[in-house]
Structures are given as structure tokens and as C-alpha cells.
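Some notes on the structure that comes next.
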Amino acid sequence: MYLKNIKAVAAIVPALLMYYTNGYAQTTRADSLVKQLHQPLDKHIMVAAHRGDWRDAPENSLLAFKYAMAIGVDIIELDLNKTKDGVVVIMHDQTIDRTTDGKGSPGDYTLAELKKFHLKNGLNRVTVNTIPTLQEVMELIKGEILVNLDKSYPYYNEAYKVLKATGTLNQAIFKTTEAYETVRKQYPAIIDSVTFMAVIDLDKPGAKQSIENYQRHIKPVAFELNFGTDTSGVLKNNQFINHNEARIWINSLWASLNAGHDDDTAVDLGNTQDSWGWIIAHGATIIQTDRPRELLEYLRKRNLHF
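Residue numbers for the sequence shown, in mature numbering (1 follows the signal peptide of the UniProt record, and there is no 0): -25 to -1, 1 to 281.
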């Protein structure tokens, strides 16, 4: 019997080797990041690049996302819109006027028509880059990093279909400023199947109650906390968020989102204590930034980023 078992194991070894070699059971970087995202008490900081690495490539372009991946960010943030023929594309504004050599809204064009326009870079120069689709982005980052779906609330169902089709649903973070009851009513079929983050304005009354209401029902993976002043009681005492299985996301973009504890203070003024240091001291374990290179360097020197 013992000999038969040995022979049986030996017989399946080649098949197991091929199984792992072909990548079916290999752990990707995205798998590790998904695991990290769902560990709210982990003190390592996850870095989200706002519209990709837009300082070196057109914002929300495939190239900007490639550059962001290359420097080691954990999450890219992008914005959703939809074409006349129902394709989800990446575009921050309601029109393409500012970021391309075209005019009008994405909904004025089919995807084929929209692809004829070209994205502009930070110097307002037209480049060879075209407006990407969500499918193109997810195929690019599959197995690599996570994605934060901003301006996505009107397109949850369409985005969900793309993510399922590309096998990337676990890499995407859906988000909205809407209250729990509104989201549940509008998207009952998918809200329990996606990775979800609620966006909370701490300057508005009832912010803590909104967080607690969400945590009672669907336990978002994170809460994005925005604030124009830094006097909120939630900022001073937000450990309840982590202990109820959610991370804290704070933006270091422009000052109006973080009461002036922003990227410019860190980089242009050289004052990281009152910017990134302050944000981390107030519980953030995800930071969305317009300065991903500098933030990663800052975190790595302090052993706060893998």
C-alpha cells in the first residue's frame, strides 16, 4: 500500500509542476496587494497615484498608468465616463476639451470616433496617446496593481461587467459619496460582490454616523476622509474605523481635501512633518498623491512601504 501511494504521488508531480509553471497557482503582486488592502491594522502605507503618473505622461493615459506601475505604486486612481455606444472610457472631465485635441463630451462619440482624438500632456501639447477604455486599463494592470474607480457611481454595472470579463474584479475599488441606503437601493445586485470604499466629508454633520452606518451593513474596505479643516472629532479619534475592519484613506493632493497637509507642503516647502507625517499620524494607511515618487521615497526611508 505504501509503495502504491509513493507511485501515485510520483505520477502527479509532472502535472503539478506544469500547473504552477503555467501560472495558475502563482501569487501575483496584485494578490499580495489585495491581501494587504484587507488588513486594516497593517501600518504599512499603500500609495495611490492620482490619474497615474500624470507629471510624466498625459493624465488618465495608459502611459501614465504604466509609469505609475514602474515606480512601484500600489493603486492607480482613474475616472470613468461612457461613449455614445456604451463603452466605459477613462476621462476625468465631463468634456474632452481640456485633455484632448477634441471638443464635446465622451457621450457625443462612439468609441471608434473618440479614439481619433489625442490626449494632451501637462504642457498642453498634443501627444500620440489616445483615450483608453476601462477594459484596456484592466488588461494592462491585471495581476499587477489595484485601481480606484473614481467618478464611477453612474457606471457601476458597466464597470462590473468589464471587471468580470477581464478577471480583475478583486483589483478594483468602487467608491462613492452617496449614503449607504442610496447605494443599496441603486445597486442591490452587485454591492455585496465588489470591493467598496465610502467617501466621507468630515466637514459635514453626521460624518461619524455615516461611517458607522456603512460599517453595520457592508463593512467597506476603506473610508476616504476629506476635510477642509482639521478639527473633526473623527480625525482625533478614528481608531474605531480600523477596528471595524476598514483602512483610512486620506488624500495629499490639493489643500482643500486635507486642510493644507498636502503634497506641495511636503515637496515644494520641504515640510513633510506637517504634510505626509501629519496624515500618517492621523491614521491614514492609504495616501492618494500627485507626487508618487517623492512619497514612496519618504515612506521607504521609514520602512513604511513594502
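All residues carry an ideal CB built from backbone N, CA and C; glycine is no exception. These numbers come from a predicted model, not from an experiment.
- Excluding five sequence positions before and after Glu119, the CB atoms of its chain that fall closer than 8 Å to its own CB belong to Thr3, Arg4, Ala5, Met44, given in chain order.
- In this model, Val169 and Ile148 are separated by some 7 Å (Cα to Cα).
- Ranked by how close their Cα comes to the Cα of Phe281, the residues Ser127, His19, Gln1, Gln14 have His19 in first place.
- Closest in C-alpha terms to Ile255, from the list Asn213, Ser231, Asp72, comes Asn213.
- Put simply, the stretch 127 to 136 touches the stretch 157 to 167. At least three CB pairs are less than 8 Å apart.
- Nearest in C-alpha terms to Glu187, of all of Asp178, Lys10, Ala221, Asp205, is Ala221.
- By the Cβ criterion, the stretch 26 to 45 is in contact with the stretch 56 to 75, since at least three pairs of Cβ atoms, one from each stretch, lie closer than 8 Å.
- By alpha-carbon distance to Asn123, the top candidate from Tyr189, Asp83, Asp238, His25 is His25.
- Per DSSP, the continuous beta strand (DSSP E) segment holding Thr151 begins and ends at 147 to 151.
- Counting along the chain, the unbroken alpha helix (DSSP H) around Trp251 starts and ends at 251 to 256.
- Around Asn246, the same chain offers Thr240 as residues with beta carbons nearer than 6 Å, after the five sequence neighbours per side are excluded.
- Per DSSP, the unbroken alpha helix (DSSP H) holding Glu272 starts and ends at 267 to 276.
- In this structure, DSSP gives His25 an extended state, which the three-state scheme calls strand.
- Note on Thr206: under 16 other CB atoms within 10 angstroms of its CB, so exposed under the neighbour-count rule.
- Counting C-beta atoms within 10 angstroms of its own C-beta, Ala39 has 16 or more neighbours from the protein chains shown and is therefore classed as buried.
- Taking 8 Å as the upper bound for CB-CB distance, Leu12 and Thr58 are not in contact here, some 30 Å apart.
- Cβ-Cβ separation between Val137 and Met113: approximately 6 Å, consistent with a contact (criterion under 8 Å).
- The DSSP assignment places 86 to 89, 109 to 116, 131 to 141 as complete runs of the alpha helix (DSSP H) inside the stretch 73 to 145, in order along the chain (cut-off: 4 residues).
- The continuous stretches of alpha helix (DSSP H) do not include Ala32, and DSSP gives it neither H nor E.
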